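These notes are about the structure you will find just below.
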């Protein structure tokens with residue numbers, strides 16, 4: 001089963017000084033299924049990594065992507081329509097495109113498992129296939 005990884009998970013993996021680094025690294029290391037993220041979440045994480053951690057850490061993060069550590073998914077026009085609908089439905093949460101893109105990918109990969117620190121959003125959002133998200137590392 002796939003594991004969706006949001007920008008916070010990507011950032012924590014890159015930042016060895018982050019308090020969540022070890023927990024995220026362990027979750028990712030133990031995962032047997034594909035690690036999936038969106039290009040939008042990668043762009044968000046890349047901005048933070050470059051500006052907070054520097055160019056060398058950003059390059060190492062890009063190496064992980066190039067080596068296939070993560071499956072980098074794009075959204076189709078239909079996916080964007082679904083994402084817009086989610087943003088409107090959960091308007092009070094003010095979800096950005098990065099977050100709703102991951103909800104769409106969770107449906108595509110038929111998973112409810114996500115590496116995120118945004119518990120406020122992902123505890124409130126219902127996966128498109130029903131149920132609730134398992135938030136890692138918190139629920140691990």
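In UniProt numbering, the protein residues as written are 1 to 140. Beta carbons are placed, not taken as given, at the ideal position from N, Cα and C, and that holds for glycine. Just so we're clear, the structure is a prediction, and the values are computed from it rather than from any experiment.
Could you check where the beta strand (DSSP E) with residue i kicks off and where it finishes?
i: residue 38; result: 35 to 38
i: residue 22; result: Note, residue 22: premise wrong, no beta strand (DSSP E); alpha helix (DSSP H) at 21 to 30.
i: residue 136; result: 134 to 136
Could you tell me how far apart the beta carbons of residue i and residue j are, in whole angstroms, since I believe they sit closer than 8 Å?
i: residue 72; j: residue 39; result: 6 Å
i: residue 7; j: residue 21; result: In fact, because the Cβ distance is near 15 Å, the residues do not count as touching under 8 Å.
Can you tell me where the alpha helix (DSSP H) with residue i in it begins and where it stops?
i: residue 123; result: 119 to 124
i: residue 142; result: Residue 142 is absent from the structure shown; the chain starts at 1 and stops at 140.
Mind checking residue i: buried by the 16 CB within 10 Å criterion, or exposed?
i: residue 151; result: For residue 151 there is no data in the structure shown, the boundaries of the chain being 1 and 140.
i: residue 102; result: buried
i: residue 77; result: exposed
i: residue 59; result: exposed
i: residue 122; result: buried
i: residue 66; result: exposed
Helix or strand or just coil, what does DSSP make of residue i?
i: residue 112; result: coil
i: residue 3; result: strand
i: residue 75; result: coil
i: residue 129; result: coil
Of the residues the options, which one's Cα is nearest the Cα of residue i?
i: residue 42; options: 56, 31, 4, 27; result: 4
i: residue 126; options: 53, 44, 100, 109; result: 100
i: residue 18; options: 28, 36, 114, 52; result: 52
Counting only C-beta atoms, is residue i closer than 8 Å to chain C at any point?
i: residue 101; result: The chain labelled as chain C is not found in the depicted structure, where only one protein chain is given.
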